[in-house]
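Comments concern the structure below.
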Amino acid sequence: MDDAQNPYALAPGEGEARWGVDGALTTIKASDDLTGGRIAVIEDVAPRGEGTPLHTHAADDETFYVLEGEMTFWLGDAAPITGIAGTFVHIPGGVVHAFRVESETARYLIFTTARHGEFYRAISEPALERVLPPPAPMDMERVEAACERYGVQIVGPSPT
Numbered sequence: 002m003d004d005a006q007n008p009y010a011l012a013p014g015e016g017e018a019r020w021g022v023d024g025a026l027t028t029i030k031a032s033d034d035l036t037g038g039r040i041a042v043i044e045d046v047a048p049r050g051e052g053t054p055l056h057t058h059a060a061d062d063e064t065f066y067v068l069e070g071e072m073t074f075w076l077g078d079a080a081p082i083t084g085i086a087g088t089f090v091h092i093p094g095g096v097v098h099a100f101r102v103e104s105e106t107a108r109y110l111i112f113t114t115a116r117h118g119e120f121y122r123a124i125s126e127p128a129l130e131r132v133l134p135p136p137a138p139m140d141m142e143r144v145e146a147a148c149e150r151y152g153v154q155i156v157g158p159s160p161t
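In the numbering used here, the protein residues as written are 2 to 161.
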C-alpha cells in the first residue's frame, strides 16, 4: 500500500514548515503526496498587512477557517468580509478574491485541492525554524512562475 492510502495524524506543531513569500509561516498538514491527490490542508500564521493581490484559480476551490486574529476577505464584487476566529469562507474556483491580515497576527486553515496545495509549496521555502520568516520583499519571479504552473491568475493589486 502506498503512503497516500495510509492514515496518519499530526500533533500540534507538526507538519512540513515553510516560509511563504507573503511573510507567513506555512505548515502543510495534508498534501498531494500524503492524500493521493485528494486534498491539501495548510495552517498559516501571518503578520498584520500580509495577504494576496486579487487573483483567481479556475480549477481549484479554496476554503479558509480563521482560528485566531482578524482578516478581511474580498470575494468577487461583494462587500469585504471581516473574518474573526470561527469565520468560514468558501471560494469556488474561478471567483476573484484576496485577503489581508488585520490583527497583529492571524492563524488560519486553508482547505484546497492537492494541486493548489502544491502552489503554496512552490511559493515558499523550507522554514529554518517554526517562526514567522524575517521580513523580505516578495519574490515576484517565484510567484509568477508558480502562477503559470498552477493556473493562478493575478488580476489586480491587493485591495486597500
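For each residue, glycine too, the CB sits at the ideal point set by N, CA and C.
For clarity, every value in this text was computed on a predicted model and none was experimentally measured.
Check, Outcome
"Where does histidine 56 fall in DSSP's three states?", "strand"
"Going by DSSP, what residue range makes up the beta strand (DSSP E) through methionine 72?", "71-76"
"Would you list, in sequence order, the uninterrupted beta strand (DSSP E) runs of no fewer than 3 residues that lie entirely inside the segment 70-140?", "71-76, 82-85, 89-92, 98-102, 106-113, 125-127"
"For aspartate 140, tell me which candidate among Arg131, Ala123, Gly152, Gln154 has the shortest Cα-Cα distance.", "Ala123"
"Output needed for arginine 143: all residues of its chain with C-beta closer than 7 Å, excluding positions within five of it in sequence on either side, in chain order.", "Val22, Ile124"
"Can you give me the C-alpha to C-alpha distance between glutamine 154 and glycine 24, rounded to a whole angstrom?", "20 Å"
"Tell me, which residues are paired with threonine 27 by DSSP?", "Arg19, Asp45"
"Taking all protein chains shown into account, decide if glutamate 130 is buried (16 or more other Cβ within 10 angstroms of its Cβ) or exposed.", "exposed"
"Could you check the C-alpha separation between glutamate 69 and alanine 31 for me, to the nearest Å?", "20 Å"
"Can you list, in chain order, the residues of its chain whose CB lies under 6 Å from that of proline 158, leaving out five sequence neighbours each side?", "Pro54"
"Cβ of histidine 117 within 8 Å of Cβ of alanine 47?", "no"
"For my contact list, isoleucine 43 and threonine 27 are in at a C-beta cut-off of 8 Å; report their separation, rounded to the angstrom.", "6 Å"
"Which of the three DSSP states is assigned to threonine 64 in this structure?", "strand"
"Starting from isoleucine 40 and walking both ways along the beta strand (DSSP E), at which residues does that stretch end?", "No beta strand (DSSP E) contains isoleucine 40, which DSSP labels as neither H nor E."
"With DSSP as the reference, please indicate the residues paired to glutamine 154 in a beta bridge.", "Thr57"
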